């Protein structure tokens, strides 16, 4: 997405409305993608997860034994120095309070605008909307874009506050547009990530039909069993080698005493 051009209030409002629609479309696209990938991976794990965990366990033991064998007999240096370089440096001169979170400031501006445009004291719908948005704005985990997506299109978007100059309105709407653009970019990257997710290969097999899917799982399981047999044999050889090395070392120690 490119930066929004500076334009009139009407142009900004049209862009904001379009951004909101694009965000909703992206969210609608993400949900089924995530559901399909999660479902197919659950079925995959149910069929071959045990074999894959066995593979990981064998490989971990092999790596550990190889490291022990490679380092066996080497003198380990006891590096017990704790100099100035042993710990990370901290900048104690920095201000612990820091600057105000820009999003928190924008949320405050939004709340102030709500009270200038709506009438929560006498209008029940306005009161409910303000209460909802206040809760969202106070939650640091909720972004400004999420709050704006919750805000229905209407007076809060289109009307200027009672004490708001035209330039202030333009600045506020531009800030809202920036937040929505960033949100849309995040969602688009998320969609791209899901489209290139490693589980896509599983999903492609799954969508070919039950027979193809079951045949794929059976073939994968057979390959995994073959790999595990090879790893088990390698692990047994390493265990025997480690036993010979440790027993030989112990015999030498006893003869020298």
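Residue numbers (the numbering used here): 12 to 268.
Note that the Cβ used here is the ideal one computed from N, Cα and C, for glycine as well.
Quick caveat, the model's predicted, so the values are computed rather than measured.
Runs of the beta strand (DSSP E) spanning 3 or more residues and lying entirely within the region 121-206 do not occur at all. Each residue's CA atom was taken as its position, placing residue 219 and residue 227 some 10 Å apart. The continuous alpha helix (DSSP H) containing residue 38 extends over residues 20-82. DSSP places residue 212 in the uninterrupted alpha helix (DSSP H) bounded by 211-217. For the pair residue 172 and residue 120, the Cα-to-Cα distance works out to about 11 Å.
Excluding its 5 nearest sequence neighbours in each direction, residue 232 has C-beta neighbours in its own chain below 8 Å: 58, 59 and 62, listed in chain order.
In this structure residue 201 is in contact with residue 41, their Cβ atoms being roughly 6 Å apart against a cut-off of 8 Å. Closest in alpha carbon position to residue 65, among 258, 252, 242 and 249, is 242. Take residue 193, set aside five residues on each side of it, and the residues of its chain with a beta-carbon closer than 7 Å to its own are 156, in chain order. Between the alpha carbons of residue 198 and residue 190 lies a gap of roughly 13 Å. Taking C-beta atoms as the reference points, residue 48 and residue 210 count as a pair closer than 8 Å.
For residue 187 and residue 214, the gap between their C-alpha atoms comes out near 38 Å. In the displayed model, residue 112 falls within coil according to three-state DSSP, outside both helix and strand. Residue state for residue 237 is assigned as helix, using DSSP reduced to three classes. Secondary structure at residue 208: coil, using DSSP grouped into helix, strand and coil. For the pair residue 129 and residue 148, the CB atoms are not nearer than the 8 Å cut-off.
With a threshold of 16 other beta carbon atoms within 10 Å, residue 117 meets it and is buried. Beta-carbon to beta-carbon, residue 182 and residue 124 are separated by about 12 Å, too far to satisfy the 8 Å threshold.
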